[in-house]
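*Asks:* Here the sequence shown is numbered in numbering that gives the first Met the number 0, starting from 0 and rising by one per residue.
Every residue gets a Cβ at the ideal spot worked out from N, C-alpha and C, and that includes glycine.
Please find one structure pasted underneath; my questions will follow.
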Amino acid sequence: MGKRRNRGRSQLLSTMTKKQKKHLRDFGEEHPFYDRVSKKEVKPQICQLSESSDTSHSESESESEQEHVLGYHRLLATLKNVSEEEEEEEEEEDDSDVSDGDISDEDGDEDVQVEEEIDESAETQEPDDPKEKDGEGPPDTSQKSPEEFTDAKHESLFSLETNFLEEDSGGSSSQRASQDPFQQHVNKELKEKDIQAAASNSPTSQQLKWPTLGQLVFSSKFRKMETFKPPKDIDLKSLHLQKPLESTWGKTNSKFLSGPQKSNSPFTPLQKELFLVMNSYRDLFYPERTALKNGEEIRHVYCLHAINHVLKANAQVLANNSRRRSQKLGVGEDDDFRDQGLTRPKVLIVVPFREAALRVVQLFISLLEGDSKKKIIVSNKKRFQGEYGSDPEERPPNLKRPEDYEAVFVGNIDDHFRIGVAILQRSIRLYAPFYSSDILIASPLGLRTIIGGEGEKKRDFDFLSSVELLIIDQADIYLMQNWEHVLHLMNHMNLLPLDSHGVDFSRVRMWSLNNWSRYYRQTLLFGALQDAQINSVFNKHCVNAQGQVAVRNVPVTGAISHVLVQLPHVFQRMEAQDLASVIDARFHFFVNKILPQYRDAVMSHTLIYVPSYFDFVRLRNYFKREELNFTHICEYTQKSGVSRARHFFLQGEKQFLLLTERFHFYKRYTIKGIRNLIFYELPTYPHFYSEVCNMLRATSRGEEATWTCTVLYSKYDAQRLAAVVGVERAAQMLRSPKNVHLFITGEK
Numbered sequence: 000m001g002k003r004r005n006r007g008r009s010q011l012l013s014t015m016t017k018k019q020k021k022h023l024r025d026f027g028e029e030h031p032f033y034d035r036v037s038k039k040e041v042k043p044q045i046c047q048l049s050e051s052s053d054t055s056h057s058e059s060e061s062e063s064e065q066e067h068v069l070g071y072h073r074l075l076a077t078l079k080n081v082s083e084e085e086e087e088e089e090e091e092e093d094d095s096d097v098s099d100g101d102i103s104d105e106d107g108d109e110d111v112q113v114e115e116e117i118d119e120s121a122e123t124q125e126p127d128d129p130k131e132k133d134g135e136g137p138p139d140t141s142q143k144s145p146e147e148f149t150d151a152k153h154e155s156l157f158s159l160e161t162n163f164l165e166e167d168s169g170g171s172s173s174q175r176a177s178q179d180p181f182q183q184h185v186n187k188e189l190k191e192k193d194i195q196a197a198a199s200n201s202p203t204s205q206q207l208k209w210p211t212l213g214q215l216v217f218s219s220k221f222r223k224m225e226t227f228k229p230p231k232d233i234d235l236k237s238l239h240l241q242k243p244l245e246s247t248w249g250k251t252n253s254k255f256l257s258g259p260q261k262s263n264s265p266f267t268p269l270q271k272e273l274f275l276v277m278n279s280y281r282d283l284f285y286p287e288r289t290a291l292k293n294g295e296e297i298r299h300v301y302c303l304h305a306i307n308h309v310l311k312a313n314a315q316v317l318a319n320n321s322r323r324r325s326q327k328l329g330v331g332e333d334d335d336f337r338d339q340g341l342t343r344p345k346v347l348i349v350v351p352f353r354e355a356a357l358r359v360v361q362l363f364i365s366l367l368e369g370d371s372k373k374k375i376i377v378s379n380k381k382r383f384q385g386e387y388g389s390d391p392e393e394r395p396p397n398l399k400r401p402e403d404y405e406a407v408f409v410g411n412i413d414d415h416f417r418i419g420v421a422i423l424q425r426s427i428r429l430y431a432p433f434y435s436s437d438i439l440i441a442s443p444l445g446l447r448t449i450i451g452g453e454g455e456k457k458r459d460f461d462f463l464s465s466v467e468l469l470i471i472d473q474a475d476i477y478l479m480q481n482w483e484h485v486l487h488l489m490n491h492m493n494l495l496p497l498d499s500h501g502v503d504f505s506r507v508r509m510w511s512l513n514n515w516s517r518y519y520r521q522t523l524l525f526g527a528l529q530d531a532q533i534n535s536v537f538n539k540h541c542v543n544a545q546g547q548v549a550v551r552n553v554p555v556t557g558a559i560s561h562v563l564v565q566l567p568h569v570f571q572r573m574e575a576q577d578l579a580s581v582i583d584a585r586f587h588f589f590v591n592k593i594l595p596q597y598r599d600a601v602m603s604h605t606l607i608y609v610p611s612y613f614d615f616v617r618l619r620n621y622f623k624r625e626e627l628n629f630t631h632i633c634e635y636t637q638k639s640g641v642s643r644a645r646h647f648f649l650q651g652e653k654q655f656l657l658l659t660e661r662f663h664f665y666k667r668y669t670i671k672g673i674r675n676l677i678f679y680e681l682p683t684y685p686h687f688y689s690e691v692c693n694m695l696r697a698t699s700r701g702e703e704a705t706w707t708c709t710v711l712y713s714k715y716d717a718q719r720l721a722a723v724v725g726v727e728r729a730a731q732m733l734r735s736p737k738n739v740h741l742f743i744t745g746e747k
């Protein structure tokens, strides 16, 4: 059987280059379309194969638009990971990748078993062809082209149009539905004057202090702004959780509960307050999420909210399907059944690494399964575990890094991925086509390669048009990856789609048709620090009509208190007219005021810490023009180049060492031989300040009396300054007429 499948698909990878095949093995998907090695046009049969991403609307397209639909399906092909046929073909061509083929075979067998559980009555009707047994056969035997196939059984199982509400699926009474925050949110009617007023009005805000979250700022651009205080006790029934979440949440979240707290409440104090804000459908910005401390705790609670939202939305659609089937509707009664958006994806979860996506999916399975002996159906599960899991033996055993580094870079840290998840009737379909998915899980880079840019022929962002819940987790890591991808994503959220995608417009909510989806989208933003760029995204792109909630706790003690070496810290303030001129002002201040003090040979072993890569390039070019004795290390430096630079700097052969923050973030090497330290700009992560300062003791040879540390800052660095020296000291430094401030650490 396997040979027949390989022979039938031997032409699939024959046109792919070695680079594309290598990318297929490394990333589990086709090479991004903008980086094709070969400029040759893709053969038609490959484009037809990509129609395996069968969508619920494909059969409703007219024949006159057939050519456009095929092009659209070619675009959707980039959303999928490598198919089972491609993995088996690679196994035949490269014996070193046997594991990929094994994953495909196991996954194929699993699909056969899953389909038999779904529809045992169809067992006798299955054709003999192995492609069709795997759910990959053509939906209609009359089709002539064998390459055009759809996963007919899985598609029908997860199709909202052809399914109906079951009696035990958690349908709620009309009285309970009227009190449900989900119903109140989606049924809220905005008026044109409200939208116009929100565009011109400045937001009104109010501050409250909660027991666990601390200082909260409630704000809204709409006229009515309601604030609330968290109750002491929580009843699960009052939260309006959809079945089976009321029974499964306690077990899933039990590892964070202990002692009397476990019996009193199924939430931790932090989870309780976070979920109350989430369940009110307000936008939320929480800048104190750390991988080492409360990362998993927060992931559990936002996954609960996400799957609760999807189950309620799908239950409403299925219930209306049943109502429409059981009664004959008049002409004017269709407005009672407006229950969906212009496209199906409702939730978008943005995470930085595949390991985070793996944990999110595992949480979804746990929340749907719980204590039930009946396992839920998860299609393509083995393939997902193979592509998103990791081998613990791959990590070097002698690698020693700080605890926060180990917590962030655990598991599979590939940052280029995207996957669609469909959820319906206690079943989960992984690798669902985006337009047939309820939840999209992706990295900013994975979304960027699909969204494309202006002028690109192959681009698609229609699947973002009706996202009702956007979750951006670990936002601080995107500052170390590429923040432009996040901005590009936000600029394409909730735009009107360019194609209808087979939608039934009689079922689309009016606020979605009016292009007001952004005012109904809830955004949950989690990060580890207060940063101006993250704040800008929250203030500019989060315009939820329910309002916004931001946690604004100020740091009492700064990272400078964790510096263990005896070191004088000189903070020098530079002046800038506005925010746009800060970059040039900092460069000229450094070149004219700071650098001349360190040109003397006595001031050797000087490390210059540069947070921005663009500033690093500018300084590197200047040092080359001035022919200064320096070396440099950035995130793109080869391993051999890093070793040479560290050796030359330690031995004193190079006077200056330029070091980027992103290199320190990804590697956390200890740089030995530092005697003089210059922070060209305050670090993004405050604890990096103490880490770099503590590197001076790595090669202590009695030069402690000559150590120096100089820091450049401006009034626009208030947040970073407060995180380093504390809020009280930062306020004094910004108000003081003096431009130079001295602090001593490690005093005996």
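1) Going straight from the alpha carbon of L238 to that of P391, what length do you get?
2) Quick check on DSSP: helix, strand or coil for H740?
3) To the nearest whole angstrom, what separates the beta carbons of L566 and L695, a pair I think is in contact under 8 Å?
4) Would you list the residues sitting across from L417 in a DSSP beta bridge?
5) Smallest Cα separation from A704: which of I412, Y679, I743?
6) Okay, do the segment 272-285 and the segment 294-302 touch, 3+ Cβ pairs below 8 Å being the bar?
7) If I follow the unbroken beta strand (DSSP E) through V300, where does it start and stop?
8) With distances taken between CB atoms, is the gap from I375 to E368 smaller than 8 Å?
9) Out of A531, Q270, V507, A544, state which residue places its alpha-carbon closest to the alpha-carbon of D777.
10) By how many angstroms is the C-alpha of D282 removed from the C-alpha of N675?
11) Please classify S639 as buried or exposed, where buried requires at least 16 other C-beta atoms within 10 Å of its C-beta.
12) Within the continuous beta strand (DSSP E) that includes L711, where are the two ends?
13) Is it true that the CB of F629 sits closer than 8 Å to the CB of L594?
14) For Y608, name the three-state secondary structure that DSSP assigns.
15) Should K373 go down as buried or exposed, given a rule of 16 or more other Cβ atoms within 10 Å for buried?
16) What does the Cβ neighbour count give for V590, buried or exposed, with the cut at 16 atoms within 10 Å?
17) Going by DSSP, name the residue or residues bridged to A697.
18) For a quick check, are the C-beta atoms of L362 and N307 less than 8 Å apart?
19) Quick check on DSSP: helix, strand or coil for V502?
20) Is the segment 468-484 touching the segment 517-528, taking contact as three or more C-beta pairs under 8 Å?
21) Can you tell me where the beta strand (DSSP E) with S237 in it begins and where it stops?
22) Using the rule of at least 16 other Cβ atoms within 10 Å of the residue's Cβ for burial, across every protein chain shown, is D503 buried or exposed?
23) CB G745 to CB L563, shorter than 8 Å?
24) Helix, strand or coil: how does DSSP classify R572 here?
25) Between the segment 445-457 and the segment 483-492, do at least 3 Cβ pairs fall closer than 8 Å?
26) Which runs of the alpha helix (DSSP H), 4 residues or longer, sit entirely within the segment 171-212?
27) Where do the N-terminal and C-terminal ends of the beta strand (DSSP E) with R428 fall, by residue?
28) Can you tell me whether P286 is helix, strand or coil according to DSSP?
29) Under the assumption that D475 contacts A527 (Cβ atoms under 8 Å), give the Cβ distance between them as a whole number of angstroms.
30) What are the start and end residues of each continuous beta strand (DSSP E) run of 3 or more residues lying completely inside the segment 537-601, in chain order?
31) Evaluate contact between the segment 396-412 and the segment 344-357, counting only Cβ atoms and requiring at least three cross-stretch pairs below 8 Å.
32) Assuming V726 is part of the alpha helix (DSSP H), what are its boundary residues?
33) Can you tell me whether Y285 is buried or exposed? The criterion is at least 16 other CB atoms within 10 Å of its CB, across all chains shown.
34) Counting C-beta neighbours from all protein chains within 10 Å, is the total for Q718 16 or more, i.e. buried, or is it exposed?
35) What residue range is occupied by the uninterrupted alpha helix (DSSP H) comprising T247?
36) Cβ of D530 within 8 Å of Cβ of T636?
*Replies:* Reading off the structure:
1) Distance between the alpha carbons of L238 and P391 is about 39 Å.
2) strand
3) 7 Å
4) Checking the sequence, you will find Arg at residue 417 rather than Leu. As computed with DSSP, R417 is found in a beta bridge with A441.
5) I743
6) yes
7) Looking at the DSSP string, V300 is not in any beta strand (DSSP E); the run it does join, the alpha helix (DSSP H), is 294-325.
8) yes
9) There is simply no residue 777 to check, as the chain begins at 0 and stops at 747 in what is shown.
10) 45 Å
11) Looking at its Cβ environment, which holds fewer than 16 other Cβ atoms inside 10 Å, S639 is exposed.
12) First-last of the beta strand (DSSP E) with L711: 707-712.
13) Not in contact: L594 and F629 (Cβ atoms no closer than 8 Å).
14) strand
15) By the neighbour-count rule (16 or more Cβ atoms within 10 Å), K373 is not buried but exposed.
16) exposed
17) None; A697 has no bridge partner.
18) no
19) coil
20) Taking a cut-off of 8 Å on C-beta distances, the segment 468-484 touches the segment 517-528, as three or more cross pairs fall below it.
21) Per DSSP, S237 belongs to no beta strand (DSSP E) and is neither H nor E.
22) Classification for D503: exposed.
23) yes
24) strand
25) yes
26) 173-178, 180-185, 191-199
27) 426-429
28) coil
29) 4 Å
30) 547-550, 566-572
31) yes
32) 726-734
33) buried
34) buried
35) 244-251
36) Their beta carbons are not under 8 Å apart, which means D530 does not touch T636 by this criterion.
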